[in-house]
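What follows is a short report on a single structure.
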Amino acid sequence: GQSLEQPSEVTAVEGAIVQINCTYQTSGFYGLSWYQQHDGGAPTFLSYNALDGLEETGRFSSFLSRSDSYGYLLLQELQMKDSASYFCAVRGYSGAGSYQLTFGKGTKLSVIP
Amino acid sequence: DSGVTQTPKHLITATGQRVTLRCSPRSGDLSVYWYQQSLDQGLQFLIQYYNGEERAKGNILERFSAQQFPDLHSELNLSSLELGDSALYFCASSGEDSQETQYFGPGTRLLVL
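Read top to bottom, the protein sequences are chains X and Y.
So for the first sequence, my numbering puts the first residue at 1; every next one is plus one.
So for the second sequence, my numbering puts the first residue at 114; every next one is plus one.
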């Protein structure tokens, strides 16, 4: 099976940088994804890392270290609209030729003025 | 707008009843996923269909069933409803090799009284 750990809440100041960490345990690891969900909204895909290193997409970057079973999402130049929950997710082999995406419990980011 | 549609948006029903949630994937996407999101359990994977066939099964109760039709829309049937089934139910879709990148619909909020 798969399990993920991420902080439940993070608060940061507008314009600052924040890092949301995620550690995972999984069998048959294939990659780490990040999703954003605003209150009352649907999760939206942010990034995916299959290989070690940093992937940058605008103000958001995601990092993966497979040897440490660890990744993080880095948000720069924080804006008020970045206040949301952020989920890490791993695609792991779940048996019988099938895979599934398992989500962490989410980190609620509050951006304050 | 992700391109994934779900109906209904809200559903209020009584314990013991049966309901059907409907999902239409993005144009061209063959995979449909169903998730349950509740406050204490986070986003839980229920089941995946790919081009009409069941591809992966997660923590789906025996009282729940799903299917994907030839036009690729999917339905999730929840029966013998209990208070604990109250949650947000999301449908997501992805292309053939993009399980990590899933596009979520707006969700159906189910309240069982």
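Using N, Cα and C, we set each Cβ at its ideal position, and we do this for glycine too.
For Ser67(X), there is no enclosing beta strand (DSSP E), as DSSP gives it neither H nor E. At least one C-beta of chain Y is nearer than 7 Å to the C-beta of Ala42(X). Excluding residues up to 5 positions away in sequence, Gln157 lie with their Cβ nearer than 6 Å to the Cβ of Asn172(Y) in the same chain. The distance from the Cβ of Ala169(Y) to that of Gln181(Y) is about 13 Å, inconsistent with a contact at the 8 Å cut-off. By the Cβ rule, the region 57-72 of chain X does not count as touching the region 118-136 of chain Y, because fewer than three pairs are nearer than 8 Å. An exposed status is given to Ile17(X), since fewer than 16 other beta-carbon atoms sit within 10 Å of its beta-carbon.
Rounded to the nearest angstrom, the Cβ distance from Gln6(X) to Gln25(X) is 13 Å, too far for a contact under 8 Å. Residue burial annotation: Pro113(X) is exposed, with fewer than 16 other C-beta atoms found within 10 angstroms of its C-beta. Residue pairing by DSSP places Ser110(X) opposite Thr11(X) in a beta bridge. By alpha-carbon distance to Gln79(X), the top candidate from Val13(X), Leu51(X) and Ser27(X) is Val13(X).
DSSP places Leu32(X) in the uninterrupted beta strand (DSSP E) bounded by Phe29 to Gln37. In the three-state scheme derived from DSSP, where H, G and I count as helix and E and B as strand, Lys81(X) is classed as helix.
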